[in-house]
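First up is the structure itself, then whatever we jot down about it.
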Amino acid sequence: MSGLIPSAIAAGSVLIAAYYGTNKALGAHPFWDTQVALIGVPIGLILAFALRALKWRWSTRLLTFLVLLTIAGTAAHQGRLEFAASYAENKLAGQLWYFGWIASMSFATATLAAIMTPGQNRQR
5 MSGLIPSAIA
15 AGSVLIAAYY
25 GTNKALGAHP
35 FWDTQVALIG
45 VPIGLILAFA
55 LRALKWRWST
65 RLLTFLVLLT
75 IAGTAAHQGR
85 LEFAASYAEN
95 KLAGQLWYFG
105 WIASMSFATA
115 TLAAIMTPGQ
125 NRQR
């Protein structure tokens with residue numbers, strides 16, 4: 005039960021940031037800047053709960069989510085650059101941009117949830 009409140013705070017933080025334009029400022033398309041958060045946050049919560057249930061160490065969860073967040077953010081950024089350079093003709097780059105943002109929101113949520121639950125898997 006103690007992991008629910010930090011996870012709710014993590015989810016709320018990502019959703020509020022998206023609602024107030026953080027995603028748009030970081031390079032998401034204005035048409036779907038909040039939509040990617042609405043899709044990605046539940047996925048991130050599932051990932052955070054799954055790895056906690058599998059008893060992964062806190063440092064391992066945190067490092068995994070940080071690495072995956074970096075990869076997803078880089079994929080979204082490169083997809084955006086390629087999509088813009090192709091004058092919206094490169095469908096694969098557009099999909100990489102969109103799905104990269106969904107993955108970024110997922111891993112941002114999971115990272116925040118992992119940060120706020122450091123002692124969840126300690127032996128008692």
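According to my numbering, the sequence shown is numbered sequentially starting from 5. Where a beta carbon is used, it is the ideal one built from N, C-alpha and C, also for glycine. Note that the coordinates shown come from a computational prediction; the quantities given were computed from them, not determined experimentally.
Cutoff 6 Å; reference residue i; Cβ partners in own chain excluding five residues on either side
i, result
"T121", "G7 and P10"
"Y91", "none"
Exposed unless 16 or more other CB atoms sit within 10 angstroms - verdict on residue i
i, result
"F35", "exposed"
"A97", "buried"
"A117", "buried"
"V40", "buried"
"A54", "exposed"
"V18", "buried"
"Y23", "exposed"
"T64", "exposed"
"M109", "buried"
"A52", "buried"
"A57", "exposed"
"A32", "buried"
Residue of the options minimising C-alpha distance to residue i
i, options, result
"I75", "A114, A107, K28 and V18", "A107"
"L66", "L100, L19 and F111", "F111"
"I50", "A12, L100, E86 and W101", "A12"
"F103", "A89, A21, D37 and I20", "D37"
Same chain only: Cβ atoms within 7 Å of residue i, ignoring 5 sequence neighbours per side
i, result
"A15", "V45, L49 and T113"
"I119", "L66"
Neighbourhood of residue i by C-beta distance below 8 Å, restricted to the same chain and skipping five residues each side
i, result
"G123", "W62"
"N94", "E86 and F87"
"I43", "I106 and M109"
Beta-carbon spacing of residue i, residue j below 7 Å
i, j, result
"W105", "A79", "no"
"G83", "L72", "no"
"T115", "F69", "yes"
Within-7 Å CB hit, residue i to chain B
i, result
"L67", "Among the protein chains of the structure shown there is no chain B, as only one such chain exists."
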